[in-house]
Amino acid sequence: SQQGEEDPQALSIQEGENATMNCSYKTSINNLQWYRQNSGRGLVHLILIRSNEREKHSGRLRVTLDTSKKSSSLLITASRAADTASYFCATVGTNAGKSTFGDGTTLTVKP
Amino acid sequence: EPEVTQTPSHQVTQMGQEVILRCVPISNHLYFYWYRQILGQKVEFLVSFYNNEISEKSEIFDDQFSVERPDGSNFTLKIRSTKLEDSAMYFCAGASLGGTDTQYFGPGTRLTVL
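The listed protein sequences derive, respectively, from chains A and B.
Mapping to the working numbering: the first sequence position 8 is -3, numbers consecutive.
Mapping to the working numbering: the second sequence position 13 is 213, numbers consecutive.
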């Protein structure tokens, strides 16, 4: 598997439900970032979690990081139709800050 | 809130032509990056730039590619002789502290090579 792999590849839920996306990676990291991308648009930064952190919250977003398992999860609570997008994790392993992206999870939230 | 801007939003060019994609990073950022995303695929790293020189580059970033920060504000990616497979969305990104900091992405330039 490649650095920064998300699962599931696609997730379809009803508005109001929670959505959980997972990301696994292979090499050691400085930090891990989650981004959202609406179809054909740019990457919107959601949250950054550093390698010495285990959990972070931002509004309806909760990110966890388990460096022993080399995995992270993104939880979106009380989802809305506007959350429909692709979500990517990106790991940063070097001081120069190159990000390595996963394949992404496509989330569809049905109204 | 400051934003990264990119121009043009869409560039159409003929194979073999040179293109220059432009980015204006956030003013206090010191680390700059170019990424690309071929339609339906993941975002791929091209090059990182710090202190007026390339810090790291990927295998994709061959001799046809170059980057420049000509005037302290703009950050450009030049493709000397475009190929069909260069068609992609190109994203510029910046960060203030390199590997320990959030990278902020621009909206992208969609490059179509005919």
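Positions of the beta carbon are idealized from the N, C-alpha and C atoms, including for glycine.
Taking a 10 Å sphere around the C-beta of G29/A, we find fewer than 16 other C-beta atoms and assign the residue as exposed. Proximity to E203/B across L297/B, V247/B, A293/B, T309/B peaks at A293/B, based on C-alpha coordinates. Within the stretch 60 to 94 of chain A, the residues whose Cβ lies closer than 9 Å to any Cβ of chain B are, in chain order, F77, A79, V81, G82, T83, N84, A85, G86, K87, S88, T89, F90, G91, D92, G93.
For H34/A, at least one C-beta of chain B is nearer than 7 Å to its own C-beta. Residues of the stretch 301 to 313 of chain B that bring their beta carbon within less than 9 Å of a beta carbon in chain A comprise D301, T302, Q303, Y304, F305, G306, P307, G308, R310, in sequence order.
For the stretch 238 to 271 of chain B, the set of residues with a beta-carbon nearer than 7 Å to any beta-carbon of chain A comprises K242, V243, F245, S248, Y250, S255, E256, in chain order. In this structure V98/A touches T73/A by the C-beta definition: roughly 5 Å separates them, less than 8 Å. Buried is the label assigned to K242/B, since at least 16 other Cβ atoms lie within 10 Å of its Cβ. No Cβ of chain B is located within less than 7 Å of the beta carbon of G5/A.
At a beta-carbon threshold of 7 Å, none of the residues of chain B lie near R25/A; the nearest stands roughly 11 Å away. Looking at the DSSP output, D271/B bridges to nothing. At least one CB atom of chain A sits nearer than 7 Å to the CB of Y231/B. Against chain A, the beta carbon of F275/B has no neighbour under 7 Å; the closest one sits roughly 14 Å away. When C-beta atoms of the stretch 265 to 277 of chain B are compared with those of the stretch 1 to 9 of chain A, fewer than three pairs fall below 8 Å, so the two segments do not count as touching. For L239/B, the three-state secondary structure derived from DSSP is coil. Residue burial annotation: Q303/B is buried, with at least 16 other C-beta atoms found within 10 angstroms of its C-beta. One alpha carbon belongs to Y235/B, the other to F90/A, and they sit about 10 Å apart.
For the stretch 201 to 262 of chain B, the continuous beta strand (DSSP E) assignments of 3+ residues that do not extend past its boundaries occur at 205 to 207, 210 to 213, 219 to 224, 231 to 237, 243 to 250, 253 to 257, in sequence order. Excluding sequence positions up to five before and after E256/B, its CB lies within less than 6 Å of the CB of S248, all in the same chain and listed in chain order. Scanning D92/A, I18/A, S1/A for the CA closest to the CA of S40/A turns up I18/A. D55/A: member of the beta strand (DSSP E) spanning 50 to 55, first to last residue. For N20/A, the residues of chain B that pass the 9 Å Cβ criterion are G299, T300, D301, T302, in the order they occur in the chain. With distances taken between CA atoms, M215/B lies nearest to E285/B out of E285/B, L230/B, D262/B. Counted as a single uninterrupted DSSP element, the beta strand (DSSP E) harbouring R310/B occupies residues 309 to 313.
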